[in-house]
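With the numbering used here as the guide, the letters of the sequence shown map in order to residues 35 to 521. Think of the CB as a built atom: it goes at the ideal place given N, C-alpha and C, for glycine as much as any other residue. Bear in mind the structure is a predicted one, so any value in this text is a computation, not a measurement.
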Amino acid sequence: MSDNITVAGVSVDARHWIGGRRVASASTFTDHSPIDGSALGEIARGGPAEAEAAVAAARDAFPAWAATSRAERARILHAIADGVEKRIEELAIVETTDNGALLRSHRRGVMPRVAHNFRFFADWLLRLDHEDFETRGHTNHVSWDPAGPCVLITPWNAPLMLATWKVAPALAAGDTVVLKPAEWSPLTASLLADIAAEAGLPAGVLNVVQGYGSEIGDALTSHPDVRRISFTGSVPTAKRIAASAAANLTPLSLELGGKSPLLVFADADLDLAVDLAVEQYDNAGQVCLAGTRLLVEEPVAEEFTRRFVEKATALRQGDPRDEGTDIGPTIHPRQLEKIDGFVRRAVAAGARAVIGGHPGDGQYYAPTLLTGVAQDSEIVQEEVFGPVLTLQTFTGEDEAVRLANDTRFGLAATVATGDRERAERVTARLVAGTVWVNCFFVRDLQAPFGGSRQSGVGREGGTWSFDFYCDLKNTVTAPEGWNQDHG
35 MSDNITVAGV
45 SVDARHWIGG
55 RRVASASTFT
65 DHSPIDGSAL
75 GEIARGGPAE
85 AEAAVAAARD
95 AFPAWAATSR
105 AERARILHAI
115 ADGVEKRIEE
125 LAIVETTDNG
135 ALLRSHRRGV
145 MPRVAHNFRF
155 FADWLLRLDH
165 EDFETRGHTN
175 HVSWDPAGPC
185 VLITPWNAPL
195 MLATWKVAPA
205 LAAGDTVVLK
215 PAEWSPLTAS
225 LLADIAAEAG
235 LPAGVLNVVQ
245 GYGSEIGDAL
255 TSHPDVRRIS
265 FTGSVPTAKR
275 IAASAAANLT
285 PLSLELGGKS
295 PLLVFADADL
305 DLAVDLAVEQ
315 YDNAGQVCLA
325 GTRLLVEEPV
335 AEEFTRRFVE
345 KATALRQGDP
355 RDEGTDIGPT
365 IHPRQLEKID
375 GFVRRAVAAG
385 ARAVIGGHPG
395 DGQYYAPTLL
405 TGVAQDSEIV
415 QEEVFGPVLT
425 LQTFTGEDEA
435 VRLANDTRFG
445 LAATVATGDR
455 ERAERVTARL
465 VAGTVWVNCF
475 FVRDLQAPFG
485 GSRQSGVGRE
495 GGTWSFDFYC
505 DLKNTVTAPE
515 GWNQDHG
């Protein structure tokens, strides 16, 4: 295989990054662009040997990195952020080509946010502290000790941003990292390795290995030298990772799927509610947090639907590199087939496609709204992960909350209402890791992030990230008894 592939004029090394150097594999896999299905190049396909080498590199680099001062770790993280900012255009075009998300979003929002991820955790590290407290005259001092090598497994829908939500706090905490990006969108993780090395991150502190699912994943998640595993992805894969990690009792952070509700009450600003609903088609619906279940109070349901259809049908679907495009392709032919299967089965069961309901050319699926769906139906209960929304109606808060909570998930929820007291009542009863009121996808890194029920285990963000990526230690010191006589 060629060591490098060229994507929109940007050279990307297709090999692993292990121990501060590029490492090839005996076999490869082909990376395709979802925009037109074209082959981008051959990517090194890792397995147990590469997993072992990456964990060994992380293990060997850990003592020196853990002993590195907070100030120096923060300086290097800021240098990585500088490197990201210098290459925003390159990162944006590579990721758009690789995963099909909008280029304008990558340029203006996603890649600047990647840099912010490093800056935020660098700065948070420098002020991370607990006040000492007294217990019967004894002093308690809480410290965050680096935990060790971490395995971070990331999804394909927002590859670099979601990777750096994990990489940045792990590095800040003094841990070393083995990053395994999704095989459907591996390219920007390779560029991140280059940027980190250029920023002065020591060899072995960040390692990037590519490969297909369990071929390399099982060897990483079952390794006895791994001290933390953080995964974003599907529930079935999370169960496999948890089983793999169980033998070593390796702590897990799991951010999983969602089937989030968007509740629209009759007193809501209807234009705002419609805007929030149409926003759920972002990234072709391939967003775990998306409010895919529209729950609308009956008195406004007809008018809401009319306005929604008018706005949604005006969306432009096409090449994500075009400035005027609103919705790009789905990531892979298998994902498109999965989405279409959900919709076909729903329609066969009695649902009606108000808009969409069919694939377009290539890997594009038309934005879809389904009505006439039963609460216990597959389309309401299971995550589609595509541009498919359902609409149900309710009468009153009790029914709204009952419908909203009636799935096995609990990742997020969105509430549109003009009544502050109603918002407080309803949000208090919703099962979700994040609830947005009259807004969507506002994510502050100092807030806890994660899901309830089968949407995840644990929380990351702010101090919660350091609680996970560190071993917390409490040192208790007696008030007296020091031996001052050394002679």
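State the DSSP-derived secondary structure class of residue i, mapped to helix, strand or coil.
{"i": "G521", "result": "Only weak support is given to the placement of G521: the predicted model assigns it a pLDDT of 44, under 50, and the value that follows is read from those uncertain coordinates. If DSSP states are grouped into helix, strand and coil, G521 belongs with coil."}
{"i": "A512", "result": "coil"}
{"i": "A400", "result": "coil"}
{"i": "N151", "result": "helix"}
{"i": "H172", "result": "strand"}
{"i": "G490", "result": "strand"}
{"i": "A435", "result": "First, the amino acid is wrong: residue 435 is Val here, not Ala. Helix, per DSSP."}
{"i": "Q320", "result": "coil"}
{"i": "W218", "result": "coil"}
{"i": "L286", "result": "strand"}
{"i": "H140", "result": "helix"}
{"i": "W199", "result": "helix"}
{"i": "G75", "result": "strand"}
{"i": "Q426", "result": "strand"}
{"i": "W51", "result": "strand"}
{"i": "H164", "result": "coil"}
{"i": "H112", "result": "helix"}
{"i": "A207", "result": "coil"}
{"i": "S499", "result": "helix"}
Should residue i go down as buried or exposed, given a rule of 16 or more other Cβ atoms within 10 Å for buried?
{"i": "E458", "result": "exposed"}
{"i": "P68", "result": "buried"}
{"i": "K120", "result": "exposed"}
{"i": "V510", "result": "exposed"}
{"i": "R161", "result": "exposed"}
{"i": "G143", "result": "exposed"}
{"i": "S248", "result": "exposed"}
{"i": "G521", "result": "Interpretation of G521 is limited by its pLDDT of 44, a score under 50 that renders its predicted location unreliable; the figure taken from the coordinates is listed afterwards. Classification of G521: exposed, given that the 10 Å Cβ count is below 16."}
{"i": "P333", "result": "exposed"}
{"i": "D453", "result": "exposed"}
{"i": "D395", "result": "exposed"}
{"i": "E129", "result": "buried"}
{"i": "H392", "result": "exposed"}
{"i": "A438", "result": "buried"}
{"i": "T169", "result": "exposed"}
First and last residue of the alpha helix (DSSP H) that includes residue i?
{"i": "S224", "result": "221-232"}
{"i": "P367", "result": "367-382"}
{"i": "P295", "result": "Element bounds for P295: not the alpha helix (DSSP H) but the beta strand (DSSP E), 295-298."}
Is the Cβ-Cβ distance between residue i and residue j less than 8 angstroms?
{"i": "G390", "j": "A400", "result": "yes"}
{"i": "V469", "j": "R487", "result": "no"}
{"i": "V471", "j": "A434", "result": "no"}
{"i": "E84", "j": "I263", "result": "no"}
{"i": "K331", "j": "F299", "result": "Residue identity differs from the one stated: residue 331 is Glu in this sequence, not Lys. Yes, these two residues count as a Cβ contact at 8 angstroms."}
{"i": "A530", "j": "A181", "result": "Past the boundaries of the shown model lies residue 530; the chain is included only from 35 to 521, so the question cannot be answered."}
{"i": "I39", "j": "V46", "result": "yes"}
{"i": "A408", "j": "L297", "result": "no"}
{"i": "A206", "j": "L186", "result": "no"}
{"i": "T242", "j": "T210", "result": "It is Val, not Thr, that sits at residue 242 in the sequence shown. Their beta carbons are not under 8 angstroms apart, which means V242 does not touch T210 by this criterion."}
{"i": "P406", "j": "G384", "result": "Checking the displayed sequence, the identity of residue 406 turns out to be Gly instead of Pro. Their beta carbons are under 8 angstroms apart, which means G406 touches G384 by this criterion."}
{"i": "I413", "j": "T424", "result": "yes"}
Identify the continuous beta strand (DSSP E) that holds residue i and give its terminal residues.
{"i": "F47", "result": "Note that residue 47 is Asp in the sequence shown, not Phe. D47 -> beta strand (DSSP E) spans 44-47."}
{"i": "A446", "result": "446-450"}
{"i": "N38", "result": "38-41"}
I want to know whether the stretch 264-281 touches the stretch 102-111 - three or more CB-CB distances under 8 angstroms. no
Is the stretch 494-511 touching the stretch 168-184, taking contact as three or more C-beta pairs under 8 angstroms? yes
Just checking, does the stretch 442-457 make contact with the stretch 274-292 on the three C-beta pairs under 8 angstroms criterion? yes
Touching by the beta-carbon criterion (3+ pairs, under 8 angstroms), the stretch 91-103 and the stretch 215-222: no
Three or more beta-carbon pairs under 8 angstroms between the stretch 367-374 and the stretch 338-353, yes or no? no
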